[in-house]
Amino acid sequence: MRLVYPPVCSGCGKMVGQPAGLCPQCWATVRFIERPYCEITGVPFDHDRGEGLVSPEAIAHPPAYAKARAAVFHDGVARKIVHGLKYSDRADLAAMMAAWMIRAGRDVVDDSDVVIAVPLHRSRLFARRYNQSAELARSLARLSGKPFLPGVMRRIRATRQQVGLGLRARQDNVRGAFSIKPEQVQRILGLKVLLVDDVLTTGSTVEAATRALLRAGAGQVNVLTFARVASPGEETLYA
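Number 131 in my numbering belongs to position 138 of the sequence shown; there are no gaps in the numbering.
Laid out in structure tokens, this is it:
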């Protein structure tokens, strides 16, 4: 099979030694998110402010989730990888992406009991054929040994694309968009949930999903995404 379909770099298409990997040139361009960053939101600091520090934004406007982490910045090769998973049927990328996510978010993975993906509305799921966040969550659960709970949360309202919307408009767009199926409540009652998505921009989507989980009785929600946008004001297709 490797003679017929040789493994290629997920960034540039050059031949590589292992499938779902990157060549040295592409690997060198990926911007991994490392400390120092806000211990709550995961927003990187421009300089080391000391261990365990929290950003002024997180103090002034505490998020509903306990902690958020992301593996890489959403640019360059990392952006190509996200687009490959999301739009080009490259579900094979999910395992590599999930491994990066576990490395970046080991603290929130260890501090969670179950894994849940941010769901798509059924109309968008029909158009895309699969939920890229669910593929990441499934791979992450397999690698970490945490139970993956598909079907617990649903997107009950078809929201607009977030691109071009300001922070307030994004929040309004996803407010009330998520719910927990009544028959599924017992599966998360009192548990620490790891909420998985592909990209975090302003945090509006994961905030809305977190509030739905907490209302249904989850004890705590942590957020883990593959990428995050460096600037919340940057234009993006993601929330």
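For glycine and all other residues, C-beta sits at the position ideal for the given N, C-alpha and C.
>> What does the alpha-carbon distance come out to for the pair Pro37 and Asp104?
In response: Counted from its first residue, the sequence shown places residue 37 at position 44. Counted from its first residue, the sequence shown places residue 104 at position 111. Distance between Pro37 and Asp104, taken at the CA atoms: about 21 Å.
>> Do Val23 and Gly69 have their beta-carbon atoms positioned less than 9 Å apart in this structure?
In response: Against the sequence shown, residue 69 aligns to sequence position 76. Against the sequence shown, residue 23 aligns to sequence position 30. Cβ distance < 9 Å, so Gly69 and Val23 count as in contact.
> Residues in its own chain within less than 7 Å of Asn124 by CB, not counting five upstream and five downstream?
Replying inline: The sequence position of residue 124 within the sequence shown is 131, counting from 1. Taken in chain order, the residues that qualify are Ala110, Pro112, Leu113, Leu118.
>> I'd like the list of long-range same chain contacts for Ile149, defined as Cβ closer than 6 Å, with 5 residues on each side in sequence excluded.
In response: Taking the sequence shown and counting its residues from 1, the one referred to as residue 149 is at position 156. Excluding residues up to 5 positions away in sequence, Ser172 lie with their Cβ nearer than 6 Å to the Cβ of Ile149 in the same chain.
>> Pairs of beta-carbons, one from the segment 185 to 194 and one from the segment 126 to 146, closer than 8 Å: are there three or more?
In response: Touching, yes.
>> Can you look up Arg60 in the DSSP assignment and give me helix, strand or coil?
In response: As a first step, residue 60 is located in the sequence shown; it is residue number 67 there, counting from the start. Note on identity: in this sequence residue 60 is Lys, with Arg being the wrong assignment. Residue state, collapsed to three classes: strand.
> Can you tell me whether DSSP reads Tyr123 as helix, strand or coil?
Replying inline: Within the sequence shown, numbered from 1, the residue matching residue 123 stands at position 130. Annotated three-state conformation of Tyr123 is coil, per DSSP.
>> So Val214 and Tyr80 are supposed to be a Cβ contact under 8 Å. How far apart are they, rounded?
In response: What you label residue 214 is simply residue 221 of the sequence shown in a count that begins at 1. What you label residue 80 is simply residue 87 of the sequence shown in a count that begins at 1. The distance from the Cβ of Val214 to that of Tyr80 is about 28 Å, inconsistent with a contact at the 8 Å cut-off.
> So Pro56 and Thr34 are in contact, right, with Cβ under 8 Å, and what is the actual spacing, rounded?
Replying inline: Within the sequence shown, numbered from 1, the residue matching residue 56 stands at position 63. Within the sequence shown, numbered from 1, the residue matching residue 34 stands at position 41. Yes, they are in contact, since the Cβ atoms of Pro56 and Thr34 sit about 6 Å apart, within 8 Å.
>> According to DSSP, is Met94 part of a helix, a strand, or is it coil?
In response: For the purposes of this step, residue 94 is identified with residue 101 of the sequence shown, where counting begins at 1. Three-state result, Met94: helix.
> Three-state secondary structure (DSSP) at Asp190?
Replying inline: Reading the sequence shown from its first residue, position 197 is the one you call residue 190. Three-state DSSP puts Asp190 in a strand.
> How should Glu176 be labelled, buried or exposed, when 16 other C-beta atoms within 10 angstroms of its C-beta is the threshold for buried?
Replying inline: Counted from its first residue, the sequence shown places residue 176 at position 183. Under the 10 Å beta carbon count, Glu176 is surrounded by fewer than 16 other beta carbons and is classified as exposed.
> If we count the other Cβ atoms within 10 Å of its Cβ and call it buried at 16 or more, is Leu182 buried or exposed?
Replying inline: Working through the sequence shown from its first residue, we reach residue 182 at position 189. So Leu182 ends up on the exposed side.
> Roughly how many angstroms lie between the CA atoms of Gln179 and Leu142, to the nearest whole one?
Replying inline: Within the sequence shown, residue 179 is the residue found at index 186, counting from 1. Within the sequence shown, residue 142 is the residue found at index 149, counting from 1. The straight-line gap separating the alpha-carbon atoms of Gln179 and Leu142 is approximately 12 Å.
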